[in-house]
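Numbering (this note's numbering), first residue to last: 744 to 1194.
Structure, as C-alpha cells:
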Ligand SMILES: Cc1cc2nc3c(=O)[nH]c(=O)nc-3n(C[C@H](O)[C@H](O)[C@H](O)COP(=O)(O)OP(=O)(O)OC[C@H]3O[C@@H](n4cnc5c(N)ncnc54)[C@H](O)[C@@H]3O)c2cc1C
C-alpha cells in the first residue's frame, strides 16, 4: 500500500465513498478519512461507510421522475453506490429503498477491499494541503467545520433537518393497519407499505396533540426556527419539515402533506381513509418499519405518547426516535466551479451535502463527479462540466450560479433543467419523458466524445 496518497478524501459518507471509488478506479491512490466510530456525528449509529441517517429510500426509480432520471445518469456513469443500493433493495413500490445495514456493509466491503484505497479512521481537523475532496457532510465535526470556515472566510449556511422514527413490525396492529401501495404500483402481495388509517375525529385529535406536544429545545436557534426567519438562510428545509411544524401550519396541512390518503382504499371500509400514516420496510428481514415523512423533534416520551395515537400503532415499539440536527453547507455560488473545484484552489474539490446539493442520490452524484474530476486534474486533463440538460449537470450549475441571497440546498427536480423546445404543447408526463430522453442522448454523446 502506498504511504503517500495521490488524493485525500475527507468523509466516508455517501459522497466520499463514491468519490473514493471513482478516483481509485481511475488509478489514483486514495486515503479516505472517516472519523467514526472514534468521533460520532450525533445522527450516525454505526461505523460503516455510507450510512443512511434517516429514510432508507433513495427516491423514485421511475425514469420520468427527477430522482429516477438522476439514477439513470448514475447508471450510465458507473456509480458504485447505486449498484450497491440495487443489490440491497427491498420492496417499496416504485421507489428504490434499501436494507440500511446491508447497503452500508456492501459499500464498506467494496471500498475497504479496493487495492487503491486505504480507509483511515481518524478525524481530520485541517484542510489537506495537496489534492483533496472535502465530503464531510452536513454533520461535519466542529473542529473541521472551523477549518472550512477559515478557508471560505464566510459564515456557514445552515438549516435544520430531522429524522423519522422506526418501529418494530410485531408491535403494529394489523387488525387496523393494512398493506397497500398508492395506486397499486406494488408488485408485492397486498402492497409494500403498511397504512395506518384515520377517521376525521382521530385525525383532528392527532393534529392537535402534535401541536401541543413538548419539543426538544434547540437552544439559541429555537426562536429562529419557530419564526422561520432568515439569517443567511432559511432555517427549515421544506422537504424535511418536522411533522409538528407542519401540524402548526394549519389543521389540514398534514392531511395534504405526509398524511395524504390519495390512491389508498382501506379494505375494511372499502373507502379512502380521511388521512394515513404510511410505514415503509426498513430492513431486509422486514421486521422494522419507518414512519414515512414523519421527521420529528418531539421529546422521546412525547413521541411515545403522541405517535401511539396513530391507529394501529397503539402499542408501537420504537427502535429509533426522531431527532433534529443542524445541517451545514457552504456558499457554493461564491466558492465553487461547476466542476466542483474550489475557485481559489483548483486541487481542492467539494462534494455531497456540504455543496448545497440535497438528497441521498444527489450527494452520491456529486461524489461521483468530484472523484472523476479529481482524477482528471491529477492526470493533467481538464475537469469536466456535465451537459446542463443532465440532472447532475443542472444541479452543479444551480449550486454554483444561484443567487446567493436566496441560496438554499437543492434536490434533483425538473425545474432546474433548461426548458424543452415546444414544451407548452406537452402534458406533464410527456414533458418529463422528453427531459429523460434528452438527458440520456446528451450524456451518451458527451461520454462518446470525452476530451
Ligand atoms: C438529520 C438529517 C436527516 C437527513 N435525512 C435525509 C433523508 O431522509 N433523505 C435524504 O435524501 N437526505 C437526507 N439528509 C440529507 C443528506 O442527503 C444526507 O445527510 C447524506 O448522508 C449526505 O451525504 P454526504 O456524503 O454529504 O454526508 P454523510 O453521508 O453525512 O458523510 C459524511 C461523513 O463524513 C464524516 N466526517 C465528518 N466530519 C469528519 C472529519 N472531520 N473527519 C473525518 N470524517 C468526518 C462523517 O462521519 C460522515 O460519515 C439528511 C440530513 C440530515 C442532517
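Cβ atoms here follow ideal geometry from the backbone N, Cα and C, with glycine treated the same way.
Owing to the predicted nature of the structure, the values given are computational and were not obtained by experimental measurement.
With DSSP run on the structure shown, which of helix, strand or coil describes residue 1116?
Taking the chain shown and counting its residues from 1, the one referred to as residue 1116 is at position 373. In the three-state DSSP reduction, residue 1116 falls in the helix class (H, G or I).
Taking three-plus beta-carbon pairs below 8 Å as touching, is the stretch 1016-1033 in contact with the stretch 1042-1049?
Touching, no.
With DSSP run on the structure shown, which of helix, strand or coil describes residue 1084?
On the chain shown, residue 1084 is found 341 positions in, with the first residue counted as 1. Residue 1084 falls in the strand class under three-state DSSP.
Thinking just about the alpha-carbon of each residue, which of 1187, 1186, 1073 is nearest to the one in residue 893?
Here residue 893 refers to the residue found at position 150 of the chain shown. Each of 1187, 1186, 1073 was checked against the Cα of residue 893, and the nearest Cα belongs to 1073.
Can you tell which of 1185, 1179, 1191 has the C-alpha that lies nearest to the C-alpha of residue 814?
By 1-based counting over the chain shown, the position of residue 814 is 71. Closest by alpha carbon: 1179.
Mind reading off the beta-carbon distance from residue 827 to residue 906? Whole number of angstroms is fine, and I expect it under 8 Å.
Within the chain shown, the letter at position 84 stands for residue 827. Within the chain shown, the letter at position 163 stands for residue 906. Their Cβ separation, rounded to whole angstroms, is 22 Å, which puts residue 827 and residue 906 out of contact at 8 Å.
Those runs of the beta strand (DSSP E) which lie wholly inside the stretch 905-960 and span at least 3 residues
Restricted to the stretch 905-960, the beta strand (DSSP E) segments that are unbroken, complete and at least 3 residues in length are 909-911, 936-941, listed in chain order.
Since residue 1085 and residue 1113 should fall inside the 8 Å C-beta cutoff, what is the C-beta to C-beta distance between them, to a whole number of angstroms?
By one-based count along the chain shown, residue 1085 stands at place 342. By one-based count along the chain shown, residue 1113 stands at place 370. Going by Cβ atoms, the distance from residue 1085 to residue 1113 rounds to 11 Å, so no, they are not a contact pair.
Suppose you measure from the CA of residue 774 to the CA of residue 790; what does that come to, to the nearest Å?
Position 31 of the chain shown, counted from the first residue, corresponds to residue 774. Position 47 of the chain shown, counted from the first residue, corresponds to residue 790. Each residue's alpha carbon lies about 17 Å from the other.
Whether or not the stretch 750-764 and the stretch 867-880 are in contact is what I'm after, with contact meaning three or more pairs of Cβ atoms, one per stretch, closer than 8 Å; do they touch?
Segments in contact, yes.
Between residue 1023 and residue 1005, is the Cβ-Cβ spacing less than 8 Å?
Position 280 of the chain shown, counted from the start, is the residue given in the question as residue 1023. Position 262 of the chain shown, counted from the start, is the residue given in the question as residue 1005. Going by C-beta atoms, residue 1023 is not nearer than 8 Å to residue 1005.
Own chain, CB closer than 7 Å to residue 1121, minus 5 neighbours either side, in chain order:
Working through the chain shown from its first residue, we reach residue 1121 at position 378. Around residue 1121: 749, 750, 771, 874.
Go through its chain and collect everything with a Cβ distance to residue 947's Cβ below 8 Å, but skip five positions before and after it.
As a working note, residue 947 is residue 204 in the chain shown. Excluding sequence neighbours, residue 947 sits near 994.
Cβ neighbour criterion (16 or more within 10 Å) applied to residue 960
In the chain shown, counting from the first residue as 1, residue 960 sits at position 217. Residue environment: residue 960 is assigned as exposed (fewer than 16 neighbouring CB atoms within 10 Å of its CB, all protein chains considered).
Beta-bridge partners of residue 1181, as assigned by DSSP:
Translated into positions along the chain shown, residue 1181 becomes position 438. DSSP output for residue 1181 lists no bridge partner at all.
Based on the DSSP secondary-structure assignment, which residues constitute the bridge partners of residue 1092?
Within the chain shown, the letter at position 349 stands for residue 1092. 876, 1084, per the DSSP bridge assignment.
State yes or no: is the C-beta of residue 1096 nearer than 7 Å to some heavy atom of ligand 1?
Taking the chain shown and counting its residues from 1, the one referred to as residue 1096 is at position 353. Yes.
Any heavy atom of ligand 3 inside 7 Å of the beta-carbon of residue 1153?
Ligands in the displayed structure: ligand 1; ligand 3 is not one of them.
Indicate the three-state DSSP secondary structure (helix, strand or coil) for residue 1170 in the structure shown.
To locate residue 1170, count along the chain shown from 1; it is residue 427. Residue state, collapsed to three classes: coil.
Could you round the C-beta distance between residue 1108 and residue 807 to whole angstroms and report it? I think they count as a contact, below 8 Å.
As a first step, residue 1108 must be located in the chain shown, where it is residue number 365. As a first step, residue 807 must be located in the chain shown, where it is residue number 64. Actually they do not touch by this definition, with Cβ atoms about 18 Å apart.
Could you tell me the distance, in whole angstroms, from the CA atom of residue 897 to the CA atom of residue 1081?
In the chain shown, the residue the question calls residue 897 occupies position 154. In the chain shown, the residue the question calls residue 1081 occupies position 338. Approximately 20 Å, taken between the alpha carbons.
Cα-Cα separation, residue 834 to residue 883
By 1-based counting over the chain shown, the position of residue 834 is 91. By 1-based counting over the chain shown, the position of residue 883 is 140. Taking the straight line from one Cα to the other gives about 32 Å.
Identify the residues that DSSP records as bridge partners of residue 832: which are they?
Working through the chain shown from its first residue, we reach residue 832 at position 89. DSSP lists 841 as partners of residue 832.
Do residue 1067 and residue 952 have their C-beta atoms within less than 8 Å of each other?
Taking the chain shown and counting its residues from 1, the one referred to as residue 1067 is at position 324. Taking the chain shown and counting its residues from 1, the one referred to as residue 952 is at position 209. Not a contact, by the Cβ cut-off of 8 Å.
Buried versus exposed call for residue 843 [16 or more other C-beta atoms within 10 Å across all chains shown]
Against the chain shown, residue 843 aligns to sequence position 100. Buried: at least 16 other Cβ atoms inside 10 Å.
Looking only at its own chain, which residues have a Cβ that is under 6 Å from the Cβ of residue 869, when we skip the five neighbours before and after it?
Position 126 of the chain shown, counted from the first residue, corresponds to residue 869. Non-local C-beta neighbours of residue 869 in its own chain, meaning closer than 6 Å and more than five positions away in sequence, comprise 890, ordered along the chain.
Hey, residue 1016 and residue 941: beta-carbon distance below 8 Å or not?
Residue 1016 sits at position 273 when you count from the first residue of the chain shown. Residue 941 sits at position 198 when you count from the first residue of the chain shown. Result yes, Cβ atoms of residue 1016 and residue 941 sit closer than 8 Å.
With DSSP as the reference, label residue 782 as helix, strand or coil.
Within the chain shown, residue 782 is the residue found at index 39, counting from 1. Coil, per DSSP.
Rank 1088, 1071, 1070 by C-alpha distance to the C-alpha of residue 1078 and give the top, closest one.
The residue given as residue 1078 occupies position 335 in the chain shown. Closest option to residue 1078, judged by alpha-carbon separation, among 1088, 1071, 1070: 1088.
Please name the residue in 999, 1133, 943, 915 whose C-alpha comes closest to that of residue 1014.
Numbered from 1 along the chain shown, position 271 holds the residue referred to as residue 1014. The closest CA to that of residue 1014, considering only 999, 1133, 943, 915, is found on 943.
To the nearest angstrom, report how far apart residue 972 and residue 1131 are at their CA atoms.
To locate residue 972, count along the chain shown from 1; it is residue 229. To locate residue 1131, count along the chain shown from 1; it is residue 388. Reliability fails at residue 972, whose pLDDT of 36 lies under 50, so the model's placement of it is uncertain and the value that follows must be treated cautiously. One alpha carbon belongs to residue 972, the other to residue 1131, and they sit about 33 Å apart.
Select from 778, 765, 1171 the residue whose C-alpha is nearest the C-alpha of residue 863.
In the chain shown, the residue the question calls residue 863 occupies position 120. The shortest Cα separation from residue 863 among 778, 765, 1171 belongs to 778.
Alpha helix (DSSP H) containing residue 1143: first to last residue?
Here residue 1143 refers to the residue found at position 400 of the chain shown. Per DSSP, residue 1143 belongs to the alpha helix (DSSP H) from 1134-1144.
Just to check, is the beta-carbon of residue 1196 closer than 7 Å to a non-hydrogen atom of ligand 1?
Only positions 744 to 1194 of the chain appear in the structure, and residue 1196 is not among them; the question remains open.
On the CB-based measure, 16 or more other CB atoms within 10 Å of its CB, does residue 1144 come out buried or exposed?
Indexing the chain shown from 1 puts residue 1144 at position 401. Exposed, because fewer than 16 other Cβ atoms sit within 10 Å of the Cβ of residue 1144.
From residue 804 to residue 810, what does the alpha carbon distance come to, in whole angstroms?
On the chain shown, position 61 is the one that residue 804 refers to. On the chain shown, position 67 is the one that residue 810 refers to. Whole-angstrom Cα-Cα distance: 7 Å.
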